[in-house]
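**Student:**
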Amino acid sequence: MLVLRRKEGQWIRVGDSIDVRVLGLQGGRVRIGISAPDDVLILRGEAIEKSDAIAELELDLKTP
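When we follow the numbering used here, the leftmost residue of the sequence shown carries the number -5, and every step to the right adds one.
Pasting the structure below:
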């Protein structure tokens, strides 16, 4: 994992077309903005974890 430090207003580029900008810092939280092509799916980590947990539970329920 690459770890970077950025200040408010600074940004990084991922690949050729994805920009991630630090929009603000407040109360231990970071607001970020992501500019990416429409065909790039962007999901929050907790949404992926919840989706994976639901899929695993559904699989367990289907198993006799």
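Just so it is clear, CB atoms sit at the ideal spot from N, CA and C, and this is done for glycine as well.
Since this is a predicted model, take the numbers as computed values, not measurements.
#1: I'd like to confirm the pairing. Which residues does DSSP put opposite Ile12 in its beta bridges?
#2: My guess is that Gly27 and Leu17 are in contact by the Cβ rule of under 8 Å, so how many angstroms apart are they, rounded?
#3: Could you tell me the alpha carbon to alpha carbon distance between Ile36 and Asp54, rounded to whole angstroms?
#4: Can you tell me where the alpha helix (DSSP H) with Gly39 in it begins and where it stops?
#5: Since Gly27 is in the beta strand (DSSP E), which residue starts that stretch and which ends it?
#6: Mapping the DSSP letters down to three states, classify Gly3 as helix, strand or coil.
**Tutor:** Reading it off the structure:
#1: Val8
#2: 5 Å
#3: 28 Å
#4: 39 to 56
#5: 23 to 29
#6: coil
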